[in-house]
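J.: In our numbering, the protein residues as written are 121 to 579.
Sharing a structure here in structure tokens format.
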Amino acid sequence: MTSLPPQPLSPLDGRYRAAVSALADHLSEAGLNRARIEVEVEWLIALTDRSLFGTHPLGDTDKDRLRVLYLDFGPREIDWLAEREAVTRHDVKAVEYLVRDRLSQLGLDAIAELTHFACTSEDVNSTAYALTVKRAVHDVWLPKLHGVIDTLKRLAVKHRDAAMLSRTHGQPATPTTMGKELAVFAWRLERVAAQVAASDFLAKFSGATGTWSAHIAAEPDVDWMLVSREFIESLGLGFNPLTTQIESHDWQVELYDRARHAGGILHNLATDIWTYISLGYFAQIPVAGATGSSTMPHKINPIRFENAEANLELAGGLFATLASTLVTSRLQRDLTDSTTQRNIGVAFGHSLLALDNLQRGLGEILLREDVLLADLDDNWEVLAEAIQTVVRGEIAAGRSQITDPYALLKDLTRGRRVGAEQLAEFVRGLDVSDAAKERLLALTPATYTGLATDLVGLV
121 MTSLPPQPLS PLDGRYRAAV SALADHLSEA GLNRARIEVE VEWLIALTDR
171 SLFGTHPLGD TDKDRLRVLY LDFGPREIDW LAEREAVTRH DVKAVEYLVR
221 DRLSQLGLDA IAELTHFACT SEDVNSTAYA LTVKRAVHDV WLPKLHGVID
271 TLKRLAVKHR DAAMLSRTHG QPATPTTMGK ELAVFAWRLE RVAAQVAASD
321 FLAKFSGATG TWSAHIAAEP DVDWMLVSRE FIESLGLGFN PLTTQIESHD
371 WQVELYDRAR HAGGILHNLA TDIWTYISLG YFAQIPVAGA TGSSTMPHKI
421 NPIRFENAEA NLELAGGLFA TLASTLVTSR LQRDLTDSTT QRNIGVAFGH
471 SLLALDNLQR GLGEILLRED VLLADLDDNW EVLAEAIQTV VRGEIAAGRS
521 QITDPYALLK DLTRGRRVGA EQLAEFVRGL DVSDAAKERL LALTPATYTG
571 LATDLVGLV
């Protein structure tokens, strides 16, 4: 058997690339290297801005020329770094060499020795990862999550009055509305989205073991902790002053746990919508040319929700692994985090793919209110809760002598189908006030929805 030409191993880089490609700008190897160059360049500018080691602040033109190194980062730089890393066997060192090489081309050799000055690789890496993850989350992942939330809100408002039978434990239960049930998911997701948006993105910039030892040896009169803090904060990141050789990754653990939590809610949404489709509550809109089954022509499969379900499980497993692995580093440094962090994009990729499928899927379903109403009309026994609760109120008010209303309704309805006429006859015979009977006789399963319609207004 002949070998295939080079192929992507991950479906995220093959079959599903179009849905997740925006993440690659940030969470790919190239995206990380671009951010590393950004950190190196901005550190050079920060040092010269302070006229350290006999330098002078660079003019705006030279700063702009330097920033082009990461702003115009592309295939030429990617290839250059790959070739150099093959020799150095060290990714950050290759980045340093690229910056030095470009400084020479720009005629800025005089400041070349300040490239990577007093840095350990983790200073650059922690800052680059914080930048890339923050941008991926805020520019790509969160907007997609908010897209799903907004879709849910629109559907919730649209179907706020669409009464339907609840199914607690899968059994007929007190009616609700489809809009209220969708609003529950929007409410849950919006809360977690706010937590993700408020996440810390921290970096260190304190040298080999987090002590600024080399900095102090080179220039003891500089407040290096202040210089580092101002530098990191100038990049829009939070500063972690107390670390080992690595930034401790606790902010990442928190972020990935929140992303996994969001994924769990989304998984619940996917399985619930799948079930509603199975019950006939939602009809799927046929897509022209699409095939549901290779042998059964009639089928329209809920593939969007099944795809989302599977990808959320993959993302959740990866987020859990990232969180459990990154929380630990042996003594002052080990390299388990290095290969682990290279999979951040994979975790967010599967999550983003799920979000894309959910948003599409929610746009490809139609509510069958006739099915909802028929289901309600087949289950008048769900009004037993209302009846026994009204009776209890009548007893408490001294208007009824019934001794155990719950048992009375249980005998009538448990495990049985009770029709509208049978229930009305039962109510007419109750020892309760005429006003209570009137309220109960006016109830139907479709009107017994409490505040469900109003609750939609909370999202």
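Glycine included, each C-beta is placed from N, C-alpha and C at the ideal position.
A quick note: this is a predicted structure, and the numbers were derived from the prediction, not measured.
Could you check where the beta strand (DSSP E) with P128 kicks off and where it finishes?
T.: No beta strand (DSSP E) contains P128, which DSSP labels as neither H nor E.
J.: If you follow the beta strand (DSSP E) that R287 is in, where does it begin and where does it stop?
T.: Start and end: 283-288.
J.: Identify every run of the alpha helix (DSSP H) within the region 453-493, keeping only runs that are complete inside it and at least 4 residues long; order them along the chain.
T.: Counting only runs of 4 or more, we get 456-461, 464-482.
J.: What would DSSP say about T364, mapped onto helix, strand or coil?
T.: coil
J.: Less than 8 Å between the CB atoms is what I'm expecting for R255 and T235, so what's the real figure, rounded?
T.: The pair is not a contact, with the Cβ atoms about 24 Å apart (cut-off 8 Å).
J.: Could you tell me whether the Cβ atoms of L201 and V215 are closer together than 9 Å?
T.: yes
J.: Answer with buried or exposed for P417, where buried requires no fewer than 16 other C-beta atoms within 10 angstroms of its C-beta.
T.: Confidence is the limiting factor: at P417 the pLDDT is only 45, short of 50, which leaves the residue's position unreliable, though a coordinate-based value still follows. P417 comes out exposed.
J.: Does the count of Cβ pairs from the region 384-400 and the region 307-327 closer than 8 Å reach three?
T.: yes
J.: Starting from Q315, follow the alpha helix (DSSP H) in both directions and report where the run begins and ends.
T.: Taken as a continuous stretch (DSSP letters only), the alpha helix (DSSP H) holding Q315 covers 298-317.
J.: Check whether the region 277-291 and the region 354-363 touch, using three or more Cβ-Cβ pairs below 8 Å as the test.
T.: Contact check between the region 277-291 and the region 354-363: fewer than three CB pairs, one atom from each, fall below 8 Å, which does not count as touching.
J.: In terms of alpha-carbon separation, which member of L272, I397, E203, P340 lies closest to V579?
T.: L272
J.: Nearest by alpha-carbon distance to I198: which of L152, H176, G174, A230 is it?
T.: L152
J.: What residue range is occupied by the uninterrupted beta strand (DSSP E) comprising Q404?
T.: 402-404
J.: Closest by CA to G267, which one among F325, T509, R154, Q479?
T.: For G267, the nearest C-alpha among the options comes from Q479.
J.: In three-state DSSP terms, what is Q225?
T.: helix
J.: If you run the structure through DSSP and keep just helix, strand and coil, what is P292?
T.: strand
J.: Nearest to A232 by alpha carbon, out of L346, L223, T240, C239?
T.: L223
J.: Which residue's Cα is closest to the Cα of R378: A517, L438, S333, R512?
T.: L438
J.: Relative to the alpha-carbon of P263, which residue among I352, L472, K530 has its alpha-carbon at the smallest distance?
T.: L472
J.: Three-state secondary structure (DSSP) at M416?
T.: Annotation note: pLDDT 45 at M416 (below 50); position unreliable, no value reported.
J.: Are there three or more Cβ pairs, one per stretch, closer than 8 Å when the region 557-574 is compared with the region 502-517?
T.: yes
J.: With a threshold of 6 Å on Cβ separation, who are the neighbours of N427 within its own chain once the five nearest residues in sequence on each side are excluded?
T.: N477
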